[in-house]
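Chemist:
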Amino acid sequence: MNLLTTNEAAKRLHVTPIRVRQMIREGKIKAKQIGRDYVIEESSLTAVKTYGKAGRPRGANGKPETETEKPFQTAFDIAPDLLNRLLAKQRDLPSDLSTNKEYLKDLGKKSAEKRKDSKS
């Protein structure tokens, strides 16, 4: 009869000591409490399935459940694009200035003229 502490049992099952205590409370592992800790018979660990890594379970896509894609866009996702379109409309500008060659043609011309006038 080989006795183990919760820490030793946790290492053998590849789980945390907290999870071992949970399994003891659930009745999955037989143990005797001595003071604040438990003593576990090694033979009772063989009855328990070997668990995977400690931590949050992975989702179907392999990422933790908290990092899944949003099923919809929030107002904060949409607001910047809508704001740019609204401002462009008010100023009579195209919504995407980087593709408008006519707008880009004279870009900086006014500021260059102002600098020229201020130096004179």
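Read left to right, the sequence shown gives residues 1323 to 1442 (this note's numbering). Quick reminder that beta carbons are idealized off the backbone N, C-alpha and C, glycines included.
Tell me which residue opens and which closes the alpha helix (DSSP H) that residue 1353 is part of.
Modeler: No alpha helix (DSSP H) holds residue 1353; the beta strand (DSSP E) holding it covers 1353-1356.
Chemist: Would you identify the three-state DSSP class for residue 1327, choosing helix, strand or coil?
Modeler: Correct three-state label for residue 1327: strand.
Chemist: Considering residue 1361, what are the terminal residues of the alpha helix (DSSP H) in which it resides?
Modeler: That residue, residue 1361, is in no alpha helix (DSSP H); its beta strand (DSSP E) goes 1359-1363.
Chemist: Rounded to whole angstroms, what's the CA-CA distance from residue 1403 to residue 1433? Just pull it up for me.
Modeler: The straight-line gap from Cα to Cα measures roughly 28 Å.
Chemist: By how many angstroms is the C-alpha of residue 1324 removed from the C-alpha of residue 1342?
Modeler: The alpha-carbon atoms of residue 1342 and residue 1324 are separated by roughly 17 Å.
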